[in-house]
Amino acid sequence: AMEELFFSKNITTGIAVAHARGVALLTCVKRCGKLYEYTPMQIKQAITGYGNADKKQMQAVVASLLKLKSVPKPDDAADALGVALCHAFTNRFGELFAVGNMTRTKGKNTCGDIAAQMIAEAERRRAAKIAQTRAKRTENKGEEV
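Quick note on numbering: the sequence shown equals residues 17 to 161 in the working numbering.
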């Protein structure tokens, strides 16, 4: 997933960014076969619930969602994590909602609420996997006796 290209007032910088972005887009499509793009407003909306959030708000929420001790540095790292989270929230959560593993509740659809639901679902799946592994071990020990 990538952030859509922004308009640069400096034409030289804009061309350089466009060239680098073209290489990144080509690499993404060649490796993954798909490309997802999000506007800065879409990313901010997905992460903070507010499309006009400033950079500091975005960095704080990214750090909080990922349970980081500090804001990722450089700023581009936090931006990239924001794009990745936006993509995960936009696509993975839609998949989870579609199969009924998670439910949307009025007033409970902010990024933080959805992240909490996703974490709870992941923990539930992990606990089920551990229980299944333990049951197999117990079963195998019974066969050895």
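Using N, Cα and C, we set each Cβ at its ideal position, and we do this for glycine too.
Quick check on the burial criterion: 16 or more other C-beta atoms within 10 angstroms. Buried or exposed for residue i?
| i | result |
| --- | --- |
| T64 | buried |
| G49 | exposed |
| K83 | exposed |
Determine the direct distance from the alpha carbon of residue j to that of residue i, and round the result to whole angstroms.
| i | j | result |
| --- | --- | --- |
| Q58 | G67 | 7 Å |
| T149 | A143 | 10 Å |
| R147 | N107 | A small correction: the amino acid at residue 147 is Ala; Arg does not occupy that position in the sequence shown. Those two C-alpha atoms are separated by around 29 Å. |
| V115 | R141 | For V115, the predicted structure reports a pLDDT of 39, less than 50, and the residue's modelled location is therefore unreliable. A value from the coordinates is still provided. About 15 Å. |
Using CA atoms only, rank isn't needed, just tell me which of the options is closest to residue i.
| i | options | result |
| --- | --- | --- |
| K89 | H103, K72, F105 and C102 | K72 |
| E20 | K46, T154 and V33 | V33 |
| H103 | A40, R47, E53 and T28 | E53 |
| A100 | E155, P56 and V39 | P56 |
What residues match up with residue i in a beta bridge as DSSP calls it?
| i | result |
| --- | --- |
| G54 | Reading off the sequence, residue 54 comes out as Tyr, not Gly. The partner list for Y54 (beta bridge, DSSP) reads E19. |
- Would you check if there are 3 or more beta carbon pairs closer than 8 Å linking the stretch 88 to 96 to the stretch 65 to 78? Remark: three or more beta-carbon pairs, one from each stretch, lie closer than 8 Å, so the stretch 88 to 96 and the stretch 65 to 78 are flagged as touching.
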